[in-house]
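Report on the following structure.
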Amino acid sequence: MKLERFAYFLAVAQTGSITLGAQKSFITQTAMSQQMAALEAELGLPLLKRSKSGTSLTEAGQALVPMAERLVQCYQAIETFADAQRHQPRTLTIAYTGPMEQQLLLRAIPAFRAHHPEVELRVRQLSMARIGTALEAGDCDIALAIPGEIPLQQMKHVTVMERPICAAVASSHPLAGKNSVTLPELTHFPVILLQAGANRRASSQIARWLMGLGWTKDALRFADTIEDQLLMINLNQGISFMPQGSYPVGIRLIPIVSDTPILHHTEAVMRQTTPLHLQFVEQLRQADMAERHP
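Counting with the working numbering, you get residues 1 to 294 for the letters of the sequence shown.
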């Protein structure tokens, strides 16, 4: 009997959903359904009632919850003890690329430290072009980046942040006083992007998207780093597209009105999925949800 199945069962019991339980456990919905079917077969008991309206516990499932909780808690305590004995002190190195990821870390780290005071956290800011190499070389444990920037095999990718994309303009820009803008309104202004060499794919993909919307190649300007990009916006050398968040004084974010939402995602990428790695990633997700839904 696999102990992890009891943890999966608790995730379904706590969320009331196979889908949400799978998301919480970082596995697919199909895998979660298979794990629940296997647990029911092993115990010889129906644990879940499945219907169009959702998933609920049978009488046997409800009775199993407190026992499963004690079992999982005991196993986690043993894991924590064994890991602490092997690694004194424990360290976790997090690499990130820009200000949005930095803000997410600042919100998540205090809560993680409260639960894991024995863990030494280290953070490194790297360019998007270097962060994947650092993760592959073992120079960091978890890398925060936009999807597609770390296309390494056998890595675990988990979305930890979602934000609407806004138009970023200088406070002196003609559009700065507007409460919202449309994409056609923005095509009259140069756009500042990161150099293609600063990342693997993002710049070229954004450039193609912009030219499809009506921008010309001559209207695209390039910065070497995110810091340079923000400075160029502040100096009114062009506009850019930035996820909703906090930025330096002198930069104004304007919501974009579009038929299709334009969203920025950040994912946590990791080579290992130890309980410590997953707990830190879950803290990132919770910090983002708390920011979006205060």
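Backbone N, C-alpha and C fix where the C-beta goes; we use that ideal spot for every residue, glycine too.
Note that this is a predicted model, so its numbers are computed, not measured.
Jot down the residue ranges of each uninterrupted alpha helix (DSSP H) in the segment 96-139, minimum 4 residues, whole runs only, in chain order.
99-115, 128-137
For His265, the residue or residues it bridges with in DSSP:
Glu162
Close Cβ partners of Ser172 (< 7 Å) along its chain, the five nearest in sequence each way excluded:
Asn236
Does the distance from the CB of Ala223 to the CB of Gly148 come in under 8 Å?
no
What's the gap between the Cα of His264 and the Cα of Pro164?
6 Å
How about Thr97 and Ser127: do their beta carbons lie closer than 8 Å?
yes
Would you call the segment 211-218 in contact with the segment 136-151, where contact means no fewer than 3 C-beta pairs closer than 8 Å?
no
Would you identify the three-state DSSP class for Gly21, choosing helix, strand or coil?
helix
Determine whether the Cβ of Leu20 lies closer than 8 Å to any Cβ atom of chain D.
This model lacks chain D altogether; it includes just one protein chain.
Excluding the five sequence neighbours on either side, which residues of its own chain have a C-beta within less than 7 Å of the C-beta of Val72, listed in chain order?
Phe6, Ala7, Leu10
Using only CA atoms, which one of Gln102, Val281, Ser180 lies nearest to Gly245?
Gln102
Hey, could you find the ends of the beta strand (DSSP E) Met1 is sitting in?
Note, Met1: premise wrong, no beta strand (DSSP E); not H, not E.
Own chain, CB closer than 8 Å to Val181, minus 5 neighbours either side, in chain order:
Ala167, Leu175, Ile254, Pro255, Ile256, Val257
On a CA-only basis, which of Ile94, Asp141, Leu231 is nearest Gly250? Give me that one, please.
Leu231
For Pro285, count neighbouring C-beta atoms within 10 Å of its own C-beta (all shown protein chains included) and say buried if the count is 16 or more, exposed if not.
For clarity, residue 285 is Arg in the given sequence; the question names Pro instead. Result: buried.
Could you tell me which residues DSSP puts in a beta bridge with Lys156?
Met270
Residue environment, Pro243, which counts as buried when at least 16 other CB atoms sit within 10 Å
buried
Return the first residue and the last residue of the beta strand (DSSP E) that Val191 is part of.
191-194
Quick check: what's the CA-CA separation for Ala170 versus Ile262?
21 Å
Name the DSSP beta bridge partners of Arg90, please?
Val119
What's the call for Asp288, buried or exposed, on a 16-neighbour Cβ count within 10 Å?
buried
For Ser204, which residues in the same chain have their Cβ closer than 7 Å to its Cβ, ignoring the five residues on either side in sequence?
Ala196
Span of the alpha helix (DSSP H), counted from its first residue to its last, around Ile27:
Neither: Ile27 is in no alpha helix (DSSP H) and is coded neither H nor E.
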